[in-house]
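Be aware that the sequence shown starts at 1072, since it is given in the working numbering, and climbs by one per residue. Even glycine gets a Cβ: it sits at the ideal position worked out from N, Cα and C. Just so it is clear, the structure is predicted and the values come from calculations on it, not from any experiment.
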Amino acid sequence: MAAKWRIFRRPIIAGEKTVVAIVQATVVLHNYIKKYEKNQGIFMYCPPPQNDHNIPRTFEINGALEPIGPVGSNHYGIDAKEVREKLKFHLMNEGNVEFQYDRI
1072 MAAKWRIFRR PIIAGEKTVV AIVQATVVLH NYIKKYEKNQ GIFMYCPPPQ NDHNIPRTFE
1132 INGALEPIGP VGSNHYGIDA KEVREKLKFH LMNEGNVEFQ YDRI
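Okay, structure coming up:
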(Lines of atoms letter the chains of each structure in order from A and count residues from 1; the text may use other names and numbers.)
(Lines give C-alpha, C1' and ligand atoms only; values in the text may rest on other atoms or scores of the structure.)
Protein backbone atom coordinates (compact mmCIF):
# COMPACT_ATOMS: atom_id res chain seq x y z
CA MET A 1 0.00 0.00 0.00
CA ALA A 2 2.91 2.38 0.67
CA ALA A 3 3.92 2.12 -2.99
CA LYS A 4 0.58 3.63 -4.02
CA TRP A 5 -0.43 5.73 -1.02
CA ARG A 6 2.12 8.34 0.02
CA ILE A 7 0.67 8.74 3.50
CA PHE A 8 2.02 5.30 4.47
CA ARG A 9 5.63 6.15 3.60
CA ARG A 10 6.25 7.91 6.93
CA PRO A 11 4.88 7.62 10.44
CA ILE A 12 1.41 9.17 10.57
CA ILE A 13 1.28 11.98 13.09
CA ALA A 14 -2.35 11.83 14.18
CA GLY A 15 -4.62 10.43 16.81
CA GLU A 16 -5.64 6.78 16.86
CA LYS A 17 -9.14 7.44 15.47
CA THR A 18 -7.72 9.50 12.61
CA VAL A 19 -5.15 6.83 11.75
CA VAL A 20 -7.85 4.14 11.73
CA ALA A 21 -9.99 6.33 9.44
CA ILE A 22 -7.04 6.91 7.08
CA VAL A 23 -6.26 3.19 6.87
CA GLN A 24 -9.90 2.28 6.31
CA ALA A 25 -10.33 4.94 3.62
CA THR A 26 -7.24 3.86 1.70
CA VAL A 27 -8.24 0.19 1.86
CA VAL A 28 -11.73 1.03 0.55
CA LEU A 29 -10.28 3.16 -2.26
CA HIS A 30 -7.70 0.49 -3.10
CA ASN A 31 -10.36 -2.22 -3.31
CA TYR A 32 -12.68 0.02 -5.35
CA ILE A 33 -9.98 0.87 -7.89
CA LYS A 34 -8.95 -2.80 -8.18
CA LYS A 35 -12.57 -3.86 -8.75
CA TYR A 36 -13.18 -1.03 -11.26
CA GLU A 37 -10.03 -1.91 -13.22
CA LYS A 38 -10.99 -5.58 -13.30
CA ASN A 39 -14.47 -4.76 -14.63
CA GLN A 40 -13.13 -2.32 -17.25
CA GLY A 41 -10.15 -4.41 -18.29
CA ILE A 42 -7.83 -1.45 -17.65
CA PHE A 43 -4.88 -2.04 -15.33
CA MET A 44 -3.19 1.30 -14.65
CA TYR A 45 -3.36 1.37 -10.85
CA CYS A 46 -1.93 -2.10 -10.38
CA PRO A 47 -0.48 -3.52 -13.63
CA PRO A 48 -0.31 -7.34 -14.05
CA PRO A 49 3.27 -7.79 -12.76
CA GLN A 50 2.20 -6.05 -9.52
CA ASN A 51 -1.16 -7.77 -9.11
CA ASP A 52 -2.14 -8.70 -5.59
CA HIS A 53 -1.07 -12.31 -5.48
CA ASN A 54 1.20 -14.14 -3.13
CA ILE A 55 4.67 -14.98 -4.34
CA PRO A 56 6.61 -17.24 -1.97
CA ARG A 57 9.80 -15.54 -0.84
CA THR A 58 12.74 -16.94 1.04
CA PHE A 59 11.84 -15.06 4.23
CA GLU A 60 8.40 -16.69 4.19
CA ILE A 61 10.01 -20.11 4.00
CA ASN A 62 13.06 -19.59 6.22
CA GLY A 63 11.71 -16.89 8.52
CA ALA A 64 12.17 -13.14 8.29
CA LEU A 65 14.68 -12.75 11.10
CA GLU A 66 18.30 -13.70 10.69
CA PRO A 67 20.73 -14.02 13.60
CA ILE A 68 23.12 -11.10 14.01
CA GLY A 69 26.26 -10.68 16.01
CA PRO A 70 27.10 -7.88 18.42
CA VAL A 71 26.18 -4.53 16.90
CA GLY A 72 27.51 -2.12 19.48
CA SER A 73 28.67 -1.63 23.02
CA ASN A 74 26.58 -1.99 26.14
CA HIS A 75 27.48 1.52 27.29
CA TYR A 76 24.97 4.32 27.17
CA GLY A 77 25.73 7.74 25.70
CA ILE A 78 26.43 11.02 27.46
CA ASP A 79 22.88 12.30 26.84
CA ALA A 80 21.41 9.19 28.46
CA LYS A 81 23.74 9.63 31.42
CA GLU A 82 22.60 13.24 31.91
CA VAL A 83 18.93 12.23 31.83
CA ARG A 84 19.60 9.40 34.28
CA GLU A 85 21.39 11.76 36.67
CA LYS A 86 18.54 14.30 36.52
CA LEU A 87 15.98 11.60 37.24
CA LYS A 88 18.13 10.21 40.06
CA PHE A 89 18.43 13.66 41.64
CA HIS A 90 14.68 14.27 41.32
CA LEU A 91 13.55 10.88 42.63
CA MET A 92 16.20 10.02 45.21
CA ASN A 93 16.68 13.33 47.04
CA GLU A 94 15.66 14.40 50.54
CA GLY A 95 12.07 15.16 49.55
CA ASN A 96 11.21 11.72 48.26
CA VAL A 97 8.04 10.09 49.57
CA GLU A 98 7.40 6.46 50.41
CA PHE A 99 4.51 5.93 47.97
CA GLN A 100 6.70 6.75 44.96
CA TYR A 101 8.40 3.36 45.32
CA ASP A 102 5.03 1.63 44.87
CA ARG A 103 4.59 3.29 41.47
CA ILE A 104 7.98 2.47 39.93
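Check                                                                                                                              : Outcome
Nonlocal neighbours in the same chain, by C-beta distance under 8 angstroms from tyrosine 1147, ignoring five residues either side : Arg1155
Start-to-end residues for the alpha helix (DSSP H) that takes in glutamate 1108                                                    : 1087 to 1111
Start and end residues, alpha helix (DSSP H) containing phenylalanine 1079                                                         : Phenylalanine 1079 -> no alpha helix (DSSP H), and no H or E assigned at all.
Collapsed DSSP secondary structure at glutamate 1156 in the structure displayed                                                    : helix
At least 3 beta-carbon pairs within less than 8 angstroms: the region 1072 to 1085 vs the region 1094 to 1105                      : yes
Check whether isoleucine 1084 and valine 1090 have beta carbons under 7 angstroms apart                                            : no
Coil, strand or helix - isoleucine 1139 by DSSP                                                                                    : coil
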